[in-house]
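**Student:**
Chains as they are written, first to last, in our numbering: chain P, 4 to 251; chain B, 48 to 277.
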């Protein structure tokens, strides 16, 4: 199929970016979206032009690196997948595809479609950890009985890959779903109780410091999350935060 | 708890918005109940309005709290809107939001602004004349004036039209805001489907009741005018 691509090009963080049009032909419907971009980059390189920079790593929907805003939606038109799992069969001959980076003050553009998501790392450093005795007498985690419901909810929350689609989809560029998933996965388990109150306070404080917006409960994050993380986690984080502040 | 630190956080602001929203929603219920009396009986409406207008606890305790609640809700709404807008300084070339969220939920600031404009008119129509009557002109309490004042205000079709539009916008604001306030306070559990149904029913019924009252008095006045003409 022949496609018209409209891609955000930006030399570096300080440069002014713009949408640049590219025509690409003979795209196979069996290709993944990233493979289509690989083909475009090959053509650009052969012509002596600068290839389009974009993030990718596992290409299996696990790492969360390949975050692109495709035709106005994070990870493209298909639900429940990352960009690398999107296939060209979802488009038809003659389609025009707008490709942009995820946009948020907290996710500055590094180059073209690559953004700096280290804000997520700093939020995790602020509290997404547990204290474990590493003296050699560490207790087996499975030795602690855990309620099945809590274990399931914690596992669901832990499936967040930190891709940033929640931030990209939210009209406020809020990171609440990401932070709520990380808070929840520990708050629900006995291993996470030691730092429970400190965790939510520090992570929310860091989230605000990074410049993410506040949640207005539109539910866009949940709808666009490739891992289907529920906004019930945001309610849980709100409870954790209120409880932590009332106790302090 | 350090209230200022709590309120400076994004979650703290949302919690404050929710609590002030619940307070305003409870006031709305009281207001519509009293206004509905005007449809049933002028006497009962006058009685209830006189009580609300002269009771010292309502006048000097509840009224200032209400004014603070309104100002707080709007101010916090603007603060959050400003912070949220600044979280994405460069807009998307293309954004498809229809499939992932409702228009109402994404445009709370605009429905809120219309409600704010309506409150300005409402204060100009009722609250300022009331304050002038009681505390500036120091006129003697008149138990029978409230119904006539209400009916007189609804004679103007422009006012009734703006009133109706404002309450439709209030309905939209409530349709998202009421159930959303529970989520902000951390309530999302097995009761949530029931809460959403209750919030939907309230959000539709209460604004429609206000519109009904305005139309009722306007049409009654219109019919009386026609009869007088004949």
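By construction, the Cβ of each residue, glycine as well, lies at the ideal position given by its N, Cα and C atoms.
Using a beta-carbon distance cut-off of less than 9 Å, what residues from the stretch 133-146 of chain B approach chain P?
**Tutor:** For the stretch 133-146 of chain B, which is checked against every Cβ of chain P, the residues closer than 9 Å are 133, 134, 135, 136, 137, 138, 139, 140, 141, 142, 143, 144, 146.
**Student:** Counting along the chain, where does the beta strand (DSSP E) carrying residue 6(P) start and finish?
**Tutor:** For the purposes of this step, residue 6(P) is identified with residue 3 of the first chain, where counting begins at 1. Start and end: 6-12.
**Student:** Below 8 Å on the Cβ atoms is my guess for residue 229(P) versus residue 78(P); work out the distance and round it to an integer in Å.
**Tutor:** Your numbering for residue 229(P) matches position 226 in the first chain. Your numbering for residue 78(P) matches position 75 in the first chain. Right, the Cβ-Cβ distance comes to about 6 Å (below 8 Å), so this counts as a contact.
**Student:** Whole angstroms are fine: how far does the CA of residue 190(P) sit from the CA of residue 248(P)?
**Tutor:** To locate residue 248(P), count along the first chain from 1; it is residue 245. To locate residue 190(P), count along the first chain from 1; it is residue 187. Taking the straight line from one Cα to the other gives about 15 Å.
**Student:** Quick one: residues in its chain with C-beta nearer than 7 Å to the C-beta of residue 206(B), no 5 flanking neighbours on either side, listed in chain order?
**Tutor:** Taking the second chain and counting its residues from 1, one reaches residue 206(B) at position 159. The answer, listed in chain order, is 200.
**Student:** Are the CB atoms of residue 76(P) and residue 227(P) nearer to each other than 8 Å?
**Tutor:** Stepping through the first chain from its first residue, residue 76(P) is reached at position 73. Stepping through the first chain from its first residue, residue 227(P) is reached at position 224. Yes, Cβ-Cβ distance for residue 76(P) and residue 227(P) is below 8 Å.
**Student:** Just mark residue 229(B) as buried or exposed, buried being the case when its beta carbon has 16 or more other beta carbons within 10 Å.
**Tutor:** The sequence position of residue 229(B) within the second chain is 182, counting from 1. Residue 229(B) should be labelled buried.
**Student:** Give the secondary structure of residue 246(B) by DSSP, where H, G and I count as helix, E and B as strand, and everything else as coil.
**Tutor:** Along the second chain, one-based indexing puts residue 246(B) at 199. Helix.
**Student:** Do you know whose CA, among 28(P), 12(P), 27(P), 29(P), lies nearest residue 21(P)'s CA?
**Tutor:** Numbered from 1 along the first chain, position 18 holds the residue referred to as residue 21(P). Of 28(P), 12(P), 27(P), 29(P), the residue nearest in Cα terms is 12(P).
**Student:** Please list, in chain order, the chain B residues whose beta carbon lies closer than 8 Å to that of residue 43(P).
**Tutor:** Position 40 of the first chain, counted from the first residue, corresponds to residue 43(P). In chain order: nothing, as chain B lies at least about 18 Å away.
**Student:** By how many angstroms is the C-alpha of residue 24(P) removed from the C-alpha of residue 127(P)?
**Tutor:** For the purposes of this step, residue 127(P) is taken as the residue at position 124 of the first chain. For the purposes of this step, residue 24(P) is taken as the residue at position 21 of the first chain. Answer to the nearest angstrom: the Cα atoms are 38 Å apart.
**Student:** Suppose the cutoff is 6 Å on Cβ atoms and the five residues either side in sequence are ignored; what does the same chain contact list for residue 153(P) look like?
**Tutor:** Position 150 of the first chain holds residue 153(P). The answer, listed in chain order, is 191.
**Student:** So, for residue 224(P): in the same chain, excluding its five sequence neighbours on each side, which residues have a beta-carbon less than 6 Å away from its beta-carbon?
**Tutor:** Locating residue 224(P) in the first chain gives position 221, where the first residue counts as 1. Within the same chain, residue 224(P) has close Cβ partners 169, 172, 173, 180.
**Student:** Mind checking residue 28(P): buried by the 16 CB within 10 Å criterion, or exposed?
**Tutor:** Translated into the one-based positions of the first chain, residue 28(P) becomes position 25. Looking at its Cβ environment, which holds fewer than 16 other Cβ atoms inside 10 Å, residue 28(P) is exposed.
**Student:** Do residue 84(P) and residue 104(P) have their C-beta atoms within less than 8 Å of each other?
**Tutor:** As a working note, residue 84(P) is residue 81 in the first chain. As a working note, residue 104(P) is residue 101 in the first chain. No.
**Student:** Measuring only the C-alpha atoms, how far is residue 184(P) from residue 133(P)?
**Tutor:** Reading the first chain from its first residue, position 181 is the one you call residue 184(P). Reading the first chain from its first residue, position 130 is the one you call residue 133(P). Looking at the two C-alpha atoms, the distance is approximately 15 Å.
**Student:** What's the C-alpha gap between residue 211(P) and residue 109(P)?
**Tutor:** Counted from its first residue, the first chain places residue 211(P) at position 208. Counted from its first residue, the first chain places residue 109(P) at position 106. Cα-Cα distance, rounded: 10 Å.
**Student:** Taking the runs of the beta strand (DSSP E) that are 3 residues or longer, which of them lie wholly in the stretch 146-223 of chain B?
**Tutor:** Taking only runs of at least 3 residues, no beta strand (DSSP E) segment lies wholly in the stretch 146-223 of chain B.
**Student:** By Cβ distance, which residues of its chain are closer than 7 Å to residue 260(B), with the 5 residues on each side in sequence left out?
**Tutor:** As a working mapping, residue 260(B) is identified with position 213 in the second chain. These residues qualify, in order along the chain: 82, 83, 85, 86.
**Student:** Around the C-beta of residue 254(B), are 16 or more other C-beta atoms found within 10 angstroms, so that it is buried, or is it exposed?
**Tutor:** Counting from one through the second chain, the residue named residue 254(B) turns up at place 207. With 16 or more Cβ atoms within 10 Å of its Cβ, residue 254(B) is classed as buried.
**Student:** Using a beta-carbon distance below 8 Å, is residue 125(B) in contact with chain P?
**Tutor:** Counting from one through the second chain, the residue named residue 125(B) turns up at place 78. Answer no: the Cβ-Cβ gap between residue 125(B) and chain P never drops below 8 Å.
**Student:** Closest to residue 236(B) by CA distance: which of 238(P), 55(P), 186(P), 195(P) is it?
**Tutor:** Position 189 of the second chain, counted from the start, is the residue given in the question as residue 236(B). When only C-alpha atoms are compared, the closest one is 238(P).
**Student:** With DSSP as the reference, identify every bridge partner of residue 3(P), one or two as the case may be.
**Tutor:** Lying before the first or after the last residue shown, residue 3(P) is absent from chain P, which here runs from 4 to 251.
**Student:** Listed from N- to C-terminal order along the chain, which residues in the stretch 16-33 of chain P have their beta-carbon within a distance smaller than 9 Å of any beta-carbon of chain B?
**Tutor:** So the close ones are 20, 22.
**Student:** Mind checking which residues open and close the beta strand (DSSP E) that includes residue 57(B)?
**Tutor:** Residue mapping note: residue 57(B) aligns to position 10 of the second chain, counting from 1. That residue, residue 57(B), is in no beta strand (DSSP E); its alpha helix (DSSP H) goes 57-87.
**Student:** Can you have a look at residue 135(P) and say buried or exposed, based on whether 16 or more other CB atoms are within 10 angstroms of its CB?
**Tutor:** Numbered from 1 along the first chain, position 132 holds the residue referred to as residue 135(P). Exposed, since its Cβ has fewer than 16 Cβ neighbours within 10 Å.
**Student:** So that I know if they touch, is there some Cβ in chain P lying closer than 8 Å to that of residue 100(B)?
**Tutor:** The count along the second chain starts at 1 and reaches residue 100(B) at position 53. False, the Cβ-Cβ gap to chain P never drops below 8 Å.
**Student:** From residue 148(B) to residue 238(B), what does the alpha carbon distance come to, in whole angstroms?
**Tutor:** For the purposes of this step, residue 148(B) is identified with residue 101 of the second chain, where counting begins at 1. For the purposes of this step, residue 238(B) is identified with residue 191 of the second chain, where counting begins at 1. Using only the alpha carbons, I get a separation of about 22 Å.
**Student:** Inspect the beta-carbon positions of residue 175(P) and residue 217(P) and report whether they are closer than 8 Å.
**Tutor:** Within the first chain, the letter at position 172 stands for residue 175(P). Within the first chain, the letter at position 214 stands for residue 217(P). Their beta carbons are under 8 Å apart, which means residue 175(P) touches residue 217(P) by this criterion.
**Student:** Report the three-state DSSP secondary structure of residue 112(P) (helix, strand or coil).
**Tutor:** What you label residue 112(P) is simply residue 109 of the first chain in a count that begins at 1. Three-state DSSP puts residue 112(P) in a strand.
**Student:** Taking C-beta to C-beta, are residue 194(B) and residue 274(B) nearer than 8 Å?
**Tutor:** Within the second chain, residue 194(B) is the residue found at index 147, counting from 1. Within the second chain, residue 274(B) is the residue found at index 227, counting from 1. Against a cut-off of 8 Å, the Cβ pair of residue 274(B) and residue 194(B) comes out as no contact.
**Student:** Within the same chain, show all residues whose beta-carbon is closer than 8 Å to that of residue 195(P), passing over the 5 residues directly before and after it, in chain order.
**Tutor:** Position 192 of the first chain holds residue 195(P). Cβ within range, chain order: 133, 188, 189, 202.
**Student:** Name, going along the chain, the residues of the stretch 201-217 of chain P whose beta-carbon falls closer than 8 Å to a beta-carbon of chain B.
**Tutor:** Listed by position, the residues of the stretch 201-217 of chain P near chain B (Cβ gap below 8 Å) are 207, 208, 210, 211, 214, 215, 216, 217.
**Student:** Could you check whether the Cβ of residue 274(B) sits closer than 8 Å to any Cβ belonging to chain P?
**Tutor:** As a first step, residue 274(B) is located in the second chain; it is residue number 227 there, counting from the start. With 8 Å as the cut-off, residue 274(B) does not count as an interface residue toward chain P.
**Student:** Can you have a look at residue 182(P) and say buried or exposed, based on whether 16 or more other CB atoms are within 10 angstroms of its CB?
**Tutor:** Translated into positions along the first chain, residue 182(P) becomes position 179. That one is buried.
**Student:** List, in chain order, every chain P residue whose beta-carbon is nearer than 8 Å to that of residue 158(B).
**Tutor:** Counting from one through the second chain, the residue named residue 158(B) turns up at place 111. Neighbours of residue 158(B) on chain P: none; closest Cβ ~12 Å, over 8 Å.
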